[in-house]
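These notes are about the structure you will find just below.
2 protein chains.
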Amino acid sequence: MQAEIITIGDEILIGQIVDTNSAFIGKEFNKYGISIYQITSIQDDKTHILKALKEAEENADIIIITGGLGPTKDDITKLTICEYFNDTLVEDKAVLANVEQIFSKYSSAPLLDVNKQQALVPSKAQVLMNHNGTAPGMWLERNGKVFVSLPGVPYEMKDLIKEQVIPKLRSKFKFPYIMHKTILTYGLGESALAERIEKWEDHLPVFIKLAYLPSLGRVRLRLSGKAAEKLIVDREIQNQINLLLPQIEDIFVGYEEDESIEAVIGKRLTEMKKSLAIAESCTGGRIAKSITANAGASAYFKGSVVTYATESKVKLLGVSKSDINIHSVVSKEVVEAMAKNVRTMFDTDYAISTTGNAGPEKGDSDAEVGTVWIAIATKDKVYSEVFNFGNHREKVIVRGTNKAFEMLQKEITIKH
Amino acid sequence: MQAEIITIGDEILIGQIVDTNSAFIGKEFNKYGISIYQITSIQDDKTHILKALKEAEENADIIIITGGLGPTKDDITKLTICEYFNDTLVEDKAVLANVEQIFSKYSSAPLLDVNKQQALVPSKAQVLMNHNGTAPGMWLERNGKVFVSLPGVPYEMKDLIKEQVIPKLRSKFKFPYIMHKTILTYGLGESALAERIEKWEDHLPVFIKLAYLPSLGRVRLRLSGKAAEKLIVDREIQNQINLLLPQIEDIFVGYEEDESIEAVIGKRLTEMKKSLAIAESCTGGRIAKSITANAGASAYFKGSVVTYATESKVKLLGVSKSDINIHSVVSKEVVEAMAKNVRTMFDTDYAISTTGNAGPEKGDSDAEVGTVWIAIATKDKVYSEVFNFGNHREKVIVRGTNKAFEMLQKEITIKH
């Protein structure tokens with residue numbers, strides 16, 4: 001039982017937007033054992049859409065189409081789907097009522113004919129009502145295969161997938177059980193790791209797959225098990241992990257949750273009723289932004305400062321001028337003072353701080369591009385580490401952020 | 001002349017990573033008139049790779065393959081490409097030297113056989129040397145079609161595309177000239193806009209395409225012109241814009257640069273030698289993060305505070321307690337005090353501030369979820385606006401950030 005995702009719209013092909021929709025669908029489907037065979041992004045073009053539908057129907061049992069459902073002329077998906085199914089468009093009264101309601105609630109614009117046309121759906125389609133927008137989802141079946149067309153607006157598509165598409169698919173098909181377990185390692189390259197665990201890998205049972213996912217200093221090992229029986233998959237993955245762990249003890253960081261590390265940290269801080277403040281320099285607000293992306297962050301996150309200019313580190317955070325002069329602004333002394341002082345300022349249990357040089361040019365310090373100091377402060381101590389994350393600005397910022405989260409996670413997880 | 005991108009790796013299909021590589025390639029290719037016909041994401045599976053290569057060869061003249069070039073067992077791309085081209089792998093001395101150099105410079109791990117195997121390339125391939133990693137790019141030709149295989153690590157892939165793939169493609173093929181011009185409008189829905197400019201749209205010449213790109217309160221109109229002659233495309237797009245502008249005067253915001261709005265703001269501030277500070281509440285650091293993602297931000301960005309907790313707004317930013325009690329923390333009085341005080345704190349020319357409720361729950365205020373106040377402070381004034389961005393947390397944060405940039409852009413662009 002496999003699915004294919006077809007995304008329609010030139011904006012993905014010309015790189016104007018990144019296709020986050022497919023990643024979302026892939027992740028959600030995966031939770032329920034639905035594998036994605038292929039993701040295909042195509043132009044808003046009738047011939048191309050017909051061709052993609054035909055190929056998808058040959059390869060997959062479930063075809064999810066996103067995009068191309070807006071009211072304007074560049075969207076021809078609905079008509080093309082009609083043609084593919086030898087069908088005609090009919091007005092759906094419930095969809096029309098939804099369109100009218102959305103207009104009366106959110107829009108000062110008059111309801112136009114083009115908006116009313118959103119209520120036209122193929123006569124063979126079941127409507128999936130879109131409560132967040134005017135373009136409905138559509139569910140069609142043929143020869144036991146399911147075609148679902150969804151609007152491309154991410155939050156409209158997401159609600160439709162979660163609340164309607166997945167429940168309907170699960171009631172129609174029986175999916176195998178899938179489980180992924182991702183092990184995070186740090187400090188050994190992909191190939192050295194592969195050599196070390198080669199024997200173990202060679203003896204994995206056929207229904208368990210291993211993937212190496214190297215990313216910025218870490219290698220994640222993803223074990224994927226797939227079988228009809230949940231019990232068999234769960235037990236065998238645990239068996240395999242038990243065999244593996246003794247071989248990677250020195251580089252094992254933990255398991256990667258389905259959640260981001262900052263979400264895991266947030267949960268832990270909430271449970272512990274502890275609070276966090278942040279002082280960022282080279283990471284420029286990315287740590288705070290990642291923390292506050294999680295709902296409920298206000299339970300533990302008090303606030304942060306980005307002291308980008310050297311003078312702000314002195315003025316706002318009270319870092320000593322002589323420390324900066326003697327040790328430079330990218331130094332152990334400065335990063336530790338930042339963490340210590342921001343923790344006091346916001347009166348929190350923990351603080352993270354960063355100072356470094358993300359490049360491309362050297363800043364107010366002679367530190368090599370890529371150098372980043374990260375500190376953690378608690379009520380009774382402050383400590384720091386230095387890293388070199390190479391000479392790509394974005395990479396330095398992302399790795400600095402990840403590493404800061406790793407250090408904090410370690411701090412709040414370890415028993416002292 | 002069309003290209004297809006094939007990305008290989010389960011991690012995209014299961015949604016573990018978002019395919020930003022294809023968006024990058026699409027954007028870069030587009031600059032040089034190379035259209036992307038299709039993006040296809042497939043599993044790390046021999047049969048599937050062979051099938052995708054065959055289909056791509058039928059549809060496109062240039063096939064770009066990313067991913068699947070790591071040293072470990074789950075990467076079978078190189079062998080499969082060999083099979084597709086009826087070729088064998090041979091050791092490339094220059095690649096081997098590159099692998100050895102990278103290991104001696106960046107890695108404490110010993111150089112293993114699996115690493116040395118990175119130097120094996122199909123005998124018919126031209127090597128595209130990867131100076132950022134051990135997996136080389138490979139360029140193959142058959143029947144006038146070009147196949148390029150690149151590593152999936154974004155910064156390795158990006159350098160190879162820019163510095164090697166595009167120059168080689170341009171010397172081999174003659175591409176038409178492509179120009180996109182994107183017009184930003186605000187305040188009228190997609191369909192009302194389409195109705196208003198229908199006549200103009202119907203009279204567009206065939207070599208100019210129009211797309212409506214609605215996103216979070218704005219509709220972008222993207223005009224794309226494509227022809228052999230640059231002069232013809234440029235002139236006709238300008239003609240069409242001249243015809244269009246009088247019809248959308250009331251909703252016209254500006255042109256969307258290829259750059260992000262924050263990059264445009266950064267350039268303008270640098271030219272003007274002006275500086276910026278930020279005080280964020282509900283946007284949680286996202287504004288600062290977007291500003292500092294641009295190299296050279298230290299020329300104008302002094303720093304920011306994220307005062308997430310109400311108490312931090314008082315303690316750090318000196319917002320008056322009675323204002324908070326009387327008007328609530330999500331109010332005109334509070335947001336303007338935040339902007340005014342953060343500007344003074346960092347001693348800058350401009351400041352932005354936000355306070356609001358991103359949801360999902362109401363915070364320290366009775367303001368409806370989605371309510372966001374945004375203020376701009378300059379040396380001689382402070383003003384603010386209030387918005388309701390709906391009830392999706394991520395949407396509220398993103399729209400708040402975009403809107404803050406729009407307000408700042410207006411402030412620094414308009415002649416007073």
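Protein sequence lines correspond, in order, to chains H and U.
Those letters in the first sequence? Residues 1 to 416, per full-length UniProt numbering, in order.
Those letters in the second sequence? Residues 1 to 416, per full-length UniProt numbering, in order.
For each residue, glycine too, the CB sits at the ideal point set by N, CA and C.
All figures in this text were calculated on a predicted structure; none of them were measured in a lab.
- Assigned with DSSP and collapsed to three states, H/Ile65 falls in strand.
- Around the beta carbon of U/Met157, 16 or more other beta carbons lie within 10 angstroms, which makes this residue buried.
- At a cut-off of 7 Å, the C-beta of U/Ala23 has a neighbouring C-beta in chain H.
- The residue from U/Asn132, U/Tyr84 and U/Asn98 with its alpha-carbon nearest to that of U/Pro122 is U/Tyr84.
- Scanning its chain for C-beta atoms nearer than 7 Å, with the 5 sequence neighbours on each side dropped, one finds around U/Thr185 the residues Leu193, Arg218, Val219, Leu221, Ile248, Ile251, Phe252 and Val253, in chain order.
- H/Val398 and U/Ser41 have their C-alpha atoms roughly 25 Å apart.
- The distance from the Cβ of U/Ile49 to that of U/Ser22 is about 16 Å, inconsistent with a contact at the 8 Å cut-off.
- Contact annotation for H/Glu271 against chain U: no contact, minimum CB-CB distance about 18 Å [criterion: below 8 Å].
- Cβ atoms of U/Leu150 and U/Ile64 come within 8 Å of each other, at about 7 Å.
- Secondary-structure assignment with DSSP links U/Val330 through no beta bridge to anything.
- Taking C-alpha positions only, H/Ile237 is separated from H/Leu244 by approximately 10 Å.
- Among the CB atoms of chain U, one or more fall inside 7 Å of the CB of H/Pro71.
- When Cβ-Cβ separations below 7 Å define contact, H/Val306 makes contact with chain U.
- Any Cβ of chain H closer than 7 Å to the Cβ of U/Lys162 would place that residue at the interface, and such an atom is absent.
- Three or more beta-carbon pairs separated by less than 8 Å link the stretch 390 to 406 of chain H to the stretch 354 to 370 of chain H, which places the two stretches in contact.
- For H/Glu195, the chain U residues whose C-beta falls within less than 7 Å of its own C-beta are Leu112 and Val114, listed in chain order.
- About 7 Å separates the beta carbon of U/Leu120 from that of U/Val90, a gap short enough to meet the 8 Å contact definition.
- In the structure shown, U/Ala119 falls within a helical segment according to DSSP collapsed to helix, strand and coil.
- A distance below 7 Å separates the beta carbons of U/Thr355 and U/Val334.
- Secondary structure at U/His48: helix, using DSSP grouped into helix, strand and coil.
- According to DSSP, U/Leu184 shares a beta bridge with U/Arg220 and U/Gly254.
- Relative to the Cα of H/Ala295, the nearest Cα in the group H/Thr80, H/Lys267, H/Lys315 and H/Glu280 belongs to H/Lys267.
- Counting along the chain, H/Tyr155 sits inside the alpha helix (DSSP H) bounded by residues Pro154 to Leu160.
- With contacts defined as CB atoms closer than 7 Å, H/Ser320 and H/Ser365 fail to qualify as a contacting pair.
- The shortest C-alpha to C-alpha distance from U/Ala52 to any of U/Thr7, U/Val95, U/Ala94 and U/Val18 is the one to U/Thr7.
- Here the alpha carbons of U/Gly363 and H/Lys273 stand approximately 17 Å from one another.
- Taking the Cα of U/Ile12 as reference, the smallest distance to any Cα among H/Ser35, H/Gln16 and H/Ile14 is reached at H/Ser35.
- H/Glu229 and H/Val206 have their alpha carbons spaced roughly 15 Å apart.
- Per DSSP, H/Lys78 lies in no beta strand (DSSP E) segment; the continuous alpha helix (DSSP H) that holds it begins and ends at Thr77 to Tyr84.
- Distances from the alpha-carbon of U/Tyr308 to those of H/Ala293, H/Leu316 and H/Glu406 put H/Ala293 closest.
- With distances taken between CA atoms, U/Ile352 lies nearest to U/Lys379 out of U/Leu79, U/Ile178 and U/Lys379.
- Around the beta carbon of H/Asp347, fewer than 16 other beta carbons lie within 10 angstroms, which makes this residue exposed.
- Not a single CB atom of chain H sits nearer than 7 Å to the CB of U/Glu385.
- At a cut-off of 7 Å between beta-carbon atoms, H/Thr371 makes no contact with chain U.
- With a minimum length of 3 residues, the unbroken runs of beta strand (DSSP E) contained wholly in the stretch 370 to 411 of chain U fall at 371 to 377 and 382 to 388.
- For the 7 Å CB-CB criterion, U/Ser191 and H/Asn115 form a contact.
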